[in-house]
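**Q**
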Amino acid sequence: MMNLVTIPNLVGGHLGGWRHRDAFAKPVMNLEAFIEMTQIAERGKLDAVFLADGNGVRDMDRPALFAANHPSARPAFFEPTTLLSAVAMVAKRIGVVATATSTYEEPYTIARKFASMDHISKGRAGWNLVTASNPGDALNFGRAEHMGREDRYARAQEFYEVVAALWDSWAPDAFAQDKATGQYLDPARVRPIDHRGAHFTVKGPLNISPTPQGRPVVFMAGQSGPGMELAARYADALFGAGTTKQDCIDAYADIKGRMARYGRAPDTLKILPGVSTFVGRTTAEAEELYEELQSLISPPLGVHYLSKMLVHDLEGLPLDGPLPTDMAPETLGGSSLRRYIIDMARRDSLTIRQTYERTLPALGGPVFKGSPTQVADEMEDWWRSKAGDGFTIMAPVQPRGLRDFVNLVVPELQRRGIFRKEYETTTLRGHLGLPDPPSQWHPEQASGERGVA
Amino acid sequence: MMVLGFTGGALGGHLGGWRHPDSFPTTSMQLQCMVEMAQIAERGTLDMMFLADGNGVRQMDKPALFAANSPSDRPAVFEPVTLFAALSQHTRHIGFVATATTTYEEPFTIARKFASLDHLSGGRAGWNLVTTQYVEDAKNFGRDEHMGRVDRYERARESLDVVRALWDSWATDAFLQDKSTGQYLDPARVRLTNHRGTHFAVKGPLNVARTPQGQPVVFMAGQSDAGKELAAYGGEALFGTASDKAEAQKEYADIKGRMAKYGRPPNALRIMPALSVFVGRTAAEADALFAELQALISPALAVSYLSKVVGFDVTGAPLDGPMPQARGESLGGTAIGRSVLDMAAREGLSVRATYQRVLPSMSGNMVKGDPTHVADMMEDWYKSKACDGFMLSMPVEPRSLRDFVELVVPELQRRGLRSPEYRGPTLRDNMGLAHPVDPFLESL
Numbered sequence: 438m439m440n441l442v443t444i445p446n447l448v449g450g451h452l453g454g455w456r457h458r459d460a461f462a463k464p465v466m467n468l469e470a471f472i473e474m475t476q477i478a479e480r481g482k483l484d485a486v487f488l489a490d491g492n493g494v495r496d497m498d499r500p501a502l503f504a505a506n507h508p509s510a511r512p513a514f515f516e517p518t519t520l521l522s523a524v525a526m527v528a529k530r531i532g533v534v535a536t537a538t539s540t541y542e543e544p545y546t547i548a549r550k551f552a553s554m555d556h557i558s559k560g561r562a563g564w565n566l567v568t569a570s571n572p573g574d575a576l577n578f579g580r581a582e583h584m585g586r587e588d589r590y591a592r593a594q595e596f597y598e599v600v601a602a603l604w605d606s607w608a609p610d611a612f613a614q615d616k617a618t619g620q621y622l623d624p625a626r627v628r629p630i631d632h633r634g635a636h637f638t639v640k641g642p643l644n645i646s647p648t649p650q651g652r653p654v655v656f657m658a659g660q661s662g663p664g665m666e667l668a669a670r671y672a673d674a675l676f677g678a679g680t681t682k683q684d685c686i687d688a689y690a691d692i693k694g695r696m697a698r699y700g701r702a703p704d705t706l707k708i709l710p711g712v713s714t715f716v717g718r719t720t721a722e723a724e725e726l727y728e729e730l731q732s733l734i735s736p737p738l739g740v741h742y743l744s745k746m747l748v749h750d751l752e753g754l755p756l757d758g759p760l761p762t763d764m765a766p767e768t769l770g771g772s773s774l775r776r777y778i779i780d781m782a783r784r785d786s787l788t789i790r791q792t793y794e795r796t797l798p799a800l801g802g803p804v805f806k807g808s809p810t811q812v813a814d815e816m817e818d819w820w821r822s823k824a825g826d827g828f829t830i831m832a833p834v835q836p837r838g839l840r841d842f843v844n845l846v847v848p849e850l851q852r853r854g855i856f857r858k859e860y861e862t863t864t865l866r867g868h869l870g871l872p873d874p875p876s877q878w879h880p881e882q883a884s885g886e887r888g889v890a
Numbered sequence: 207m208m209v210l211g212f213t214g215g216a217l218g219g220h221l222g223g224w225r226h227p228d229s230f231p232t233t234s235m236q237l238q239c240m241v242e243m244a245q246i247a248e249r250g251t252l253d254m255m256f257l258a259d260g261n262g263v264r265q266m267d268k269p270a271l272f273a274a275n276s277p278s279d280r281p282a283v284f285e286p287v288t289l290f291a292a293l294s295q296h297t298r299h300i301g302f303v304a305t306a307t308t309t310y311e312e313p314f315t316i317a318r319k320f321a322s323l324d325h326l327s328g329g330r331a332g333w334n335l336v337t338t339q340y341v342e343d344a345k346n347f348g349r350d351e352h353m354g355r356v357d358r359y360e361r362a363r364e365s366l367d368v369v370r371a372l373w374d375s376w377a378t379d380a381f382l383q384d385k386s387t388g389q390y391l392d393p394a395r396v397r398l399t400n401h402r403g404t405h406f407a408v409k410g411p412l413n414v415a416r417t418p419q420g421q422p423v424v425f426m427a428g429q430s431d432a433g434k435e436l437a438a439y440g441g442e443a444l445f446g447t448a449s450d451k452a453e454a455q456k457e458y459a460d461i462k463g464r465m466a467k468y469g470r471p472p473n474a475l476r477i478m479p480a481l482s483v484f485v486g487r488t489a490a491e492a493d494a495l496f497a498e499l500q501a502l503i504s505p506a507l508a509v510s511y512l513s514k515v516v517g518f519d520v521t522g523a524p525l526d527g528p529m530p531q532a533r534g535e536s537l538g539g540t541a542i543g544r545s546v547l548d549m550a551a552r553e554g555l556s557v558r559a560t561y562q563r564v565l566p567s568m569s570g571n572m573v574k575g576d577p578t579h580v581a582d583m584m585e586d587w588y589k590s591k592a593c594d595g596f597m598l599s600m601p602v603e604p605r606s607l608r609d610f611v612e613l614v615v616p617e618l619q620r621r622g623l624r625s626p627e628y629r630g631p632t633l634r635d636n637m638g639l640a641h642p643v644d645p646f647l648e649s650l
């Protein structure tokens, strides 16, 4: 079975998405809209909703782009663990995955809030572990300098190990709560973690009992070398990024191939490449939506947006001329997305206008556009070709995009027998088909290395 | 109007509370218990549910006490902000006051999660600002040494300033979301925080829109002089710990008197002493509950508990001999511990008499009796300017909360001390606190 998660971004995944007539009227801090999106996803039996996150307001130095807003800017949004704790009360089956960075938060705090969310949702919580890559966010945490990539990943690895150990602090049967004897808990069924490492010193134990999933599901988005390595070692699920099927097939083989050295079976990590879907009842309807959205973006705004994506100012350059050749190959805080866009423009000899036109609908990522059959064909092809174990679905206009996907594409996938018709489990780990995590409290693992799958 | 909140621990406020037949069958990580308590309280139009918090498992060095669990140890509880976010979807009116420490958390993170909770709850969020005094918690954050009191309070004040500045980042009308022009937001209606201080450097702005309350309500528990000063400077509600009415009146006058120098009117701060309530339909019923609970605690457990409360070991002392006094002030010592020792010294209590007083209500105030008696005491304190309301502690949950709501609340309403319905949609409305002015509107 294919695994499907979605990013219910209220402004949609297209730069012009929020302006479309079928978009939410007022997406800012709109809880009802977010609940509606989650319920649509749950109606479609999707594995999880997922929230990206950042710790800062971005693009204030580009007022035109700032004022127009773009899908990954998020100038005003809920803090994800609080939002998803609230949403878990309304949507009862779907998984809820929140992003939190290992760069600015303490392991104890992260372990705690995700364990809390797992209890609140009765086993549907996921943590997307990111190393913050936006240099501006550092300035909200008293750090003038942003950490380099190696530092961030070394810290992230240790961070994960501490969090996983904290989640395993208590035995599942530690809390007897025996009114007759007065024994609330068994002191022999809890241990400090006594971690002392390069980045963290954490004594433990965690002040939350074992969670319904044993531990929340850990997502990562590792695209760089160190990111892929960390994912191969510890992630339960991975948001892949690749512009083409071949990219995704290569990344899939690469990451799954790295897992053996950590003693992990390949299917204990689910790779879910991000795709943007433009679906219509017919091909023509999908094309029409696509054109409507492209036409909402003026050339100056398109250029601003591309400048931001490439971390390079393109204003004043000829729209129909090529991208400059003097762009720095790698910047601190620059993302893998930036490299994809530059590679795409060079490979296909695109002008600046063509580059932003290709970038607008899906941030340079793959687009599945067409009738339900066409979109399902592409999904099935990628899935069978081992480009992914499923997908992270983004849609250009919300709630229309997700609703169309659920109403039109999901039934087609179900008809083909490659996606569930009903939820078969109650936990996110169950939806994703992941094994129970190891624990020091399981007798057969008592002597095993803690926190290593 | 009298302000009323309750401490929402499912375990109950008495050390023996969780063992009583009328307590929840199990309480560890039971969301349903928390939902039920919030809904009972909302039925009784209480203003807020409050949760204390800590970042560590305590008493592991005292296995007997650890195994028995005590109301203030919380070895396994929900992280309060995520919990309240969930409870906001099961309730419509009651406020949610979560504790977060300025000692281990960054102002940006605190500002963000409480702003998020305020939006999710439609304006019902409060932040109980604490500075962490537990040495064990420090060890979960890479610190072997605990911060001293002065450092902690300086840091707390700076953190409060930064959090409030972050909450003021955006104008109420900053997000136009105009589909026709394509203008989503107005860049002139947001401002940087640009804070550079002793403890923090925070550029801002916050990535959450201005909240329904403008700013979540800030609670404190200032018992030391530094704490009182901070409350006078920036608190909007204060949990008092005075152990009798005269002391409460003195404290009330003291703290309200300090506010003028910060340009704040006295009614901008609500003082809410903790009050443990043992209520029954009759005085006899209340006495019976009290006796049942006291009987659940063995002397050995009680002495162990008392040792924890006062911050030093009294397990070797004769039960019927005088309560020992601490020498000097310990870094981890709390105001409650000091107040217990003061009470024991003042009244010449034995160890046994001290723990018998501590078990039901720590050292805080307790009222026991029929609904009229309970309401009389509350009315007297309120009218004597000993407080603006109470933070209720309930010995056995959910029985005690339900009893309070069914027996005492109607009596307070009959006397005009409590409104028959919620006064407004936000926690501020219900506490009678002004909404902070949007600084972008003020400057027009």
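In the order they appear, the protein sequences are chains C and F. Counting the first sequence from 1 gives a position; this note's numbering is that position plus 437. Counting the second sequence from 1 gives a position; this note's numbering is that position plus 206. In this text, a Cβ means the ideal position worked out from N, Cα and C, and glycines have one as well. No experiment lies behind these values; they were computed from the predicted model shown.
1. Mind checking LYS529(C): buried by the 16 CB within 10 Å criterion, or exposed?
2. Measuring straight from C-alpha to C-alpha, what distance separates ALA443(F) and VAL336(F)?
3. Indicate whether at least one CB of chain C lies closer than 8 Å to the CB of THR233(F).
4. Less than 8 Å separating the beta-carbons of ASP253(F) and LEU633(F)?
5. Would you list, in chain order, the members of the segment 286–305 of chain F that have their beta-carbon closer than 7 Å to a beta-carbon of chain C?
6. Taking 8 Å as the cut-off, decide whether the C-beta atoms of ARG330(F) and TRP376(F) are in contact.
7. Within 8 Å (strictly less), CB to CB, does PRO393(F) reach chain C?
8. Whose C-beta lies closer than 7 Å to the C-beta of ARG837(C) among residues of the same chain, with five residues either side of it excluded?
9. Once DSSP output is grouped into helix, strand and coil, what is the label at SER713(C)?
10. What residues in the segment 259–287 of chain F bring their beta carbon closer than 8 Å to a beta carbon of chain C?
11. With distances taken between CB atoms, is the gap from TYR727(C) to TYR671(C) smaller than 8 Å?
12. Does chain C have any CB closer than 8 Å to the CB of ARG318(F)?
13. Any chance you could list the beta strand (DSSP E) runs of at least 3 consecutive residues sitting entirely within the segment 427–456 of chain F, in chain order?
14. Quick one: Cα of LEU537(F) to Cα of GLY563(C), how far?
15. Give me the Cβ distance between TYR588(F) and LEU613(F), rounded to the nearest whole Å; I'm assuming they're in contact under 8 Å.
16. Going by beta carbon distance, what residues of the same chain come within less than 7 Å of PRO464(C), once the five residues before and after it are set aside?
17. PRO874(C) and ARG652(C): beta carbons closer than 8 Å?
18. Nearest-angstrom Cα distance between LEU481(F) and GLU311(F)?
19. List the endpoints of the continuous beta strand (DSSP E) containing ILE830(C).
20. Does any CB atom of chain C fall closer than 8 Å to the CB of ARG225(F)?
21. Given this structure, state the Cα-to-Cα distance separating HIS641(F) from THR681(C), to the nearest angstrom.
22. Determine, using beta carbons only, whether PRO609(C) and PRO647(C) come nearer to each other than 8 Å.
23. On the premise that LEU520(C) lies in contact with LEU566(C), defined as a C-beta separation below 8 Å, what is that separation, rounded to the nearest angstrom?
24. Pick out the complete alpha helix (DSSP H) segments inside the segment 777–815 of chain C, 4 residues or longer, and give them in chain order.
25. Below 7 Å on C-beta distance, what does ARG695(C) contact in chain D?
26. Assign TYR699(C) to one of two classes, buried (16 or more other C-beta atoms within 10 Å of its C-beta) or exposed (fewer than that).
27. Report the three-state DSSP secondary structure of LYS378(C) (helix, strand or coil).
28. With DSSP run on the structure shown, which of helix, strand or coil describes LEU555(F)?
29. Evaluate contact between the segment 500–514 of chain F and the segment 549–562 of chain F, counting only Cβ atoms and requiring at least three cross-stretch pairs below 8 Å.
30. Since HIS891(C) sits in a beta bridge, which residues does DSSP pair it with?
31. By DSSP, does PHE551(C) sit in helix, in strand, or in coil?
32. Counting C-beta neighbours from all protein chains within 10 Å, is the total for PRO891(C) 16 or more, i.e. buried, or is it exposed?
33. With 16 other CB atoms within 10 Å as the buried threshold, where does GLY664(C) fall?
34. Do THR387(F) and THR338(F) count as a contact pair if the criterion is CB distance below 8 Å?
35. Give, in chain order, every residue of the segment 311–340 of chain F whose Cβ lies closer than 8 Å to some Cβ of chain C.
36. According to a CB-to-CB cut-off of less than 7 Å, which residues of the segment 408–439 of chain F neighbour chain C?
**A** Taking the geometry as given:
1. exposed
2. Note on geometry: alpha-carbon atoms of ALA443(F) and VAL336(F) lie some 13 Å from one another.
3. Closer than 8 Å to some Cβ of chain C, the Cβ of THR233(F) qualifies, so yes.
4. In this structure, LEU633(F) lies closer than 8 Å to ASP253(F) by Cβ.
5. VAL287, THR288, LEU289, ALA291, ALA292, SER294, GLN295, HIS296
6. no
7. yes
8. ASP459
9. strand
10. For the segment 259–287 of chain F, the set of residues with a beta-carbon nearer than 8 Å to any beta-carbon of chain C comprises GLY260, ASN261, GLY262, VAL263, MET266, PRO269, PHE272, ALA273, ALA274, ASN275, ARG280, PRO281, ALA282, VAL283, PHE284, GLU285, VAL287, in chain order.
11. no
12. yes
13. none
14. Reliability fails at LEU537(F), whose pLDDT of 44 lies under 50, so the model's placement of it is uncertain and no value is given.
15. At roughly 18 Å, the Cβ-Cβ gap does not stay under 8 Å, so TYR588(F) and LEU613(F) are not in contact.
16. LEU447, VAL448, TRP455, ALA470
17. yes
18. 29 Å
19. Per DSSP, ILE830(C) belongs to the beta strand (DSSP E) from 827–831.
20. yes
21. 53 Å
22. Contact flag set, yes.
23. Not quite, the Cβ-Cβ distance comes to about 18 Å (not below 8 Å), so this is no contact.
24. 789–796
25. Looking for chain D here will not work: the only protein chains present are C and F.
26. exposed
27. The structure shown does not extend to residue 378(C), since chain C spans only 438 to 890, so no value can be given for it.
28. coil
29. yes
30. Outside the displayed span of chain C (438 to 890) sits residue 891(C), for which this structure offers no information.
31. helix
32. In this structure chain C extends from 438 to 890, so residue 891(C) is not present and cannot be described.
33. buried
34. no
35. GLU311, GLU312, PHE314, THR315, ARG318, LYS319, ALA321, SER322, LEU323, HIS325, LEU326
36. VAL408, LYS409, GLY410, PRO411, ASN413, VAL414, ALA415
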